[in-house]
Each structure stands twice: as structure tokens, then as C-alpha cells.
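Sequential numbering from 804 applies to the sequence shown in the numbering used here. Taking it in order: structure first as C-alpha cells, then the write-up.
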Amino acid sequence: AREILARAAAVTLRSGCGTSAIGRIVPRPGRTAETRDPRCGHILPAHRYLAAMTRILLLIPSRTYRTADFVEAARTLDVEVVIGTEERPALAELMGDRWLTLSLTDVASGRQAIVDYAQEHPLDAVIPIDDGSTLVAAAGAAALGLPHNGLAAVAASRDKVRTRELLAKAGLNTPRFRTWPADADPE
Numbered sequence: 804a805r806e807i808l809a810r811a812a813a814v815t816l817r818s819g820c821g822t823s824a825i826g827r828i829v830p831r832p833g834r835t836a837e838t839r840d841p842r843c844g845h846i847l848p849a850h851r852y853l854a855a856m857t858r859i860l861l862l863i864p865s866r867t868y869r870t871a872d873f874v875e876a877a878r879t880l881d882v883e884v885v886i887g888t889e890e891r892p893a894l895a896e897l898m899g900d901r902w903l904t905l906s907l908t909d910v911a912s913g914r915q916a917i918v919d920y921a922q923e924h925p926l927d928a929v930i931p932i933d934d935g936s937t938l939v940a941a942a943g944a945a946a947l948g949l950p951h952n953g954l955a956a957v958a959a960s961r962d963k964v965r966t967r968e969l970l971a972k973a974g975l976n977t978p979r980f981r982t983w984p985a986d987a988d989p990e
């Protein structure tokens, strides 16, 4: 869990010729839209992302045993965690505003719940913990303008046949494969 959160915190966005970590956008002192990098002449961004993430939304199924591991990992990384799950957490009263009930499978309603929550509680990242919530996480992060994987890429990653078709179409070496209906006779 700690490794997954550390990787999420280290995801970088390319801006000009440098990179910066995920975080809230803030002005860079002494920079305008025309400030250039003295080494290469590229225009440097007048805004930057803060080096530390402050609040992440973890999309976690209600019936998982891994929640404590991810929360502990976030605590050691000094990251505020909001738990997004299908059911109200048993300890919701103790969690304050650090929980959100949403659908992890209905992309439209899950995305809207994330957007509504973020209007009062800004988020720096939306991180799915399992395969079932990846589409909702990508859609929510996209709607908030946060770094995310594209919806088509996420959908393809959840479908082995589609992934193999895309890899073959891109010219990558892939093993030959065929598909059969689930009810087909294996003989």
C-alpha cells in the first residue's frame, strides 16, 4: 500500500523542460508568461504544482481488508486521505468529512459524486484501489482537471482481448490469441 501511494505521489507532469509533482496550482514567484529557461530557451510555466499532495481520494470497495494498509501508508507519507466507498463507513462519525459514498461501478454517478465533494473539499488525486473503480477514478480526476489515465485506456486495460488487439495493432509483439464464447465446447 505504501509503495502504491508513494508512486502516486511521485507521478509527474511535464511542463516546459522540467517536471513537477502533483498538487495544487499556485503562482511561481518572479515568473510571468514570458519567463524563459536560461539553459534551453523554453518558456517556463508561470504556475507550478506544489511538491506535496495534501488530499487524495482513495476509491476502496466496502468489502475489502486493505483499507487500513492504505490509510497507514498515507499517514506515513503525510497525505490526508478521503475514503470513497459504496457504503457509509462504520466509523463515519469519527472520520469527519474524510469519507464519501459513491458508486464505484456507475461511471457517471461516481464522477458526479467526486466533483460534488471536491467543490467543498479540493482533491489533489483520485486513486482507485482495485480494478472495479478505475473508470470512476479516471472520470472523476478528468472532471477535476487532475492527472489521470484516459478513459479509453482504462477501459482497454480491463479487457484482455481489447488490450491484446491494441498491442497487436500498435505493432508490438504479442502472442497469437483467439476468443471463444464462454459456453463453447472446449473440444
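We put the CB at the ideal spot given by N, CA and C, even for glycine.
Alpha helix (DSSP H) segment containing residue i, residue limits
i	result
A987	Unbroken run through A987: none, as it is neither H nor E.
L949	First-last for L949: undefined, no H or E at that position.
T870	T870 to T879
A973	No alpha helix (DSSP H) contains A973, which DSSP labels as neither H nor E.
V918	V910 to E923
V957	L954 to S960
DSSP beta-bridge partners of residue i
i	result
L862	G887 and P931
T904	T888
Cβ pair residue i, residue j closer than 8 angstroms
i	j	result
P950	R858	no
G953	R914	no
R901	V884	yes
L938	A921	no
L860	L907	no
L880	P931	no
A946	V918	yes
D962	P864	no
T982	V964	yes
T870	I886	yes
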